[in-house]
Amino acid sequence: MWRLALMFIVVAIVPACDRDDGPPVVAANVVVTAPAAGMPMAAGYLDISNRSGANIRITHVSSPEYESVEMHETIVEDDVARMREIPVLEIRDGETVVFQRGGKHLMLMRPIGTPGTVTLNFYSEDLLLLSVSADFTAAMD
Amino acid sequence: MQARILIITLVLGTAVAAGLLLALRNAGEDPAPVTATILPAGNELPDFTLLSHDGTPVGKSEFAGQWDLVFFGFTNCPDICPATMTVLGQAQRQLDAQGQEPVPRVVLVSVDPERDTPEAMARYIGYFGDGNLGLTGEIGEISKLTDALGIFFQKAGSQDGSYGVDHSTVVLVIDPQGRLKALFSAPHSVETLVHDLPLIMGSG
Chain V
56 MWRLALMFIV VAIVPACDRD DGPPVVAANV VVTAPAAGMP MAAGYLDISN RSGANIRITH
116 VSSPEYESVE MHETIVEDDV ARMREIPVLE IRDGETVVFQ RGGKHLMLMR PIGTPGTVTL
176 NFYSEDLLLL SVSADFTAAM D
Chain A
29 MQARILIITL VLGTAVAAGL LLALRNAGED PAPVTATILP AGNELPDFTL LSHDGTPVGK
89 SEFAGQWDLV FFGFTNCPDI CPATMTVLGQ AQRQLDAQGQ EPVPRVVLVS VDPERDTPEA
149 MARYIGYFGD GNLGLTGEIG EISKLTDALG IFFQKAGSQD GSYGVDHSTV VLVIDPQGRL
209 KALFSAPHSV ETLVHDLPLI MGSG
């Protein structure tokens, strides 16, 4: 249920696209979990598929609703969870990278106002690769 | 002679069939915990003093009188902590829906007391269900608990000055006598908790 995609929109793409059967970078299962009241942190999850015909590098993510968005990964080893930032995410041509609970995730920090819908913009340097929007999903759903 | 062989064959066949049926029935009941590690002796909690999410000082006597599921985490943890709290809350709801009595309480012990004030704990705990408990306090008092229970935690800073906390992901089961009775290792699932907890609590 938590992986239910509420809404996603792909708006911009890698320019050197050599395939014409759909968008080159595709998002699915977009979820942003609502934080507890007053908490400065939310998490985002989605699948990103690269169908561009070339490898891509996601160098940063931004959101108009949050001051900062970082790509992180939770690694659980020997019953200890360690969270580490992913500075650059490489996605090979034809590959799908899954952001999911307990694994890769987006950490959304310091909301601007009281967001209802969250937009996430994925960049390779200055180039906008992908933009998705999702309503909050309650954590218990 | 042929009649004797027939009778022996029938008796043996009936015995084998009965044995198979019994084995299948027992397999269906699956009476042993499948995921949890059980501690038959039950390790006693150490003495400690922490603050509950309503600001009240509490010690180990807080754990007497009910079953508790204890998780160590922090409210600024964006991923594994809310994921675990969600699973624990869903397991509580499912146990309640199937008539389990008692339903264990969820207790979150902060490993980030610098940011986790009782007020922050109250907001966070309330988000995942009613009747649960958040504990925070002095780092030395938290360490009394974590040291005794084999829980690891360590601050992990980043270049921009923000920080997270690496921490154990086990869920501890504390019995009504305040003893560590069992533990669940990650990854946690509603199904295994709902399967194992009644068996653990039934073995009291």
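First to last, the sequence lines map onto chains V and A. Residue numbers for the first sequence follow this note's numbering, beginning at 56 and rising by one. Residue numbers for the second sequence follow this note's numbering, beginning at 29 and rising by one. Every residue, glycine too, gets a C-beta built ideally from N, C-alpha and C.
Chain-order list of residues whose beta-carbon lies under 8 Å from that of residue i (same chain, five-residue window excluded)
i: A:V218; result: V115, Q118, A119 and Q122
i: A:D75; result: G87, K88 and K172
i: V:G168; result: E120
i: A:G230; result: none
i: A:I228; result: P61, A64, I66, V201, K209 and A210
i: A:T112; result: F99, G101, T197, V199, A214 and H216
i: V:G171; result: D190 and F191
Bridge-paired residues (DSSP) for residue i
i: A:T65; result: A:L211
i: A:P85; result: A:L79
i: V:E128; result: V:R139 and V:K159
i: V:T192; result: V:T88
i: A:T164; result: A:L79
i: V:S186; result: V:N176
i: V:S123; result: V:M164
i: A:F181; result: A:H195
i: V:R112; result: V:E145
Chain-order list of residues whose beta-carbon lies under 6 Å from that of residue i (same chain, five-residue window excluded)
i: A:V137; result: F100 and L163
i: A:I179; result: F100 and S196
i: A:V135; result: D96, V98 and L161
i: V:M162; result: E125 and H127
i: A:T77; result: P85, G87 and E169
i: A:D140; result: F102 and V193
Local Cβ density within 10 Å of residue i, reported as buried at 16 or more and exposed below that
i: V:N110; result: exposed
i: A:A224; result: Note on identity: in this sequence residue 224 of chain A is Asp, with Ala being the wrong assignment. So A:D224 counts as buried.
i: A:Y152; result: buried
i: V:I130; result: exposed
i: A:S89; result: exposed
i: A:T65; result: exposed
i: V:P119; result: exposed
i: V:T88; result: buried
i: A:P130; result: exposed
i: V:L86; result: What sits at residue 86 of chain V in the sequence shown is Val, not Leu. Flag for V:V86 reads buried.
i: A:P68; result: exposed
i: V:V116; result: buried
Nonlocal neighbours in the same chain, by C-beta distance under 7 Å from residue i, ignoring five residues either side
i: A:V108; result: One point to set straight first is that residue 108 of chain A is Ile, not Val, in the sequence displayed. Around A:I108: T197.
i: A:N71; result: R207 and L208
i: A:K183; result: Y191 and V193
### Query
Which whole runs of the beta strand (DSSP E) in the segment 145 to 175 of chain V are 3 residues long or more, in chain order?
151 to 153 and 159 to 166
### Query
Going along the segment 100 to 134 of chain V in order, which residues come within less than 8 Å of chain A, judged by CB to CB distance?
H127, T129, V131 and D134
### Query
Looking at chain V, which residues of the segment 181 to 202 of chain A have a Cβ within less than 8 Å of any of its Cβ atoms?
A184, S186, S190, G192, D194, H195, S196, T197 and V198
### Query
What residues in the segment 107 to 131 of chain A bring their beta carbon closer than 8 Å to a beta carbon of chain V?
D107, I108, P110, A111, M113, T114, G117 and Q118
### Query
What are the residues of the segment 208 to 226 of chain A that lie near chain V, defined by any Cβ-Cβ distance shorter than 7 Å?
Listed in sequence order: S213, A214 and P215.
#### Entry: Chain-ordered residues of the segment 137 to 158 of chain V with a beta carbon less than 9 Å from chain A
R137, M138, R139, E140, R156, G157 and G158
### Query
Given a limit of 9 Å on CB to CB distance, which residues of the segment 146 to 172 of chain A reach chain V?
When C-beta distances to chain V are compared with 9 Å, the residues of the segment 146 to 172 of chain A below that value are E147, A148, R151, Y152, I153, G154, Y155, F156 and G157, in chain order.
### Query
Unbroken beta strand (DSSP E) runs of length 3 or more, entirely within the segment 89 to 117 of chain A: which are they?
96 to 101
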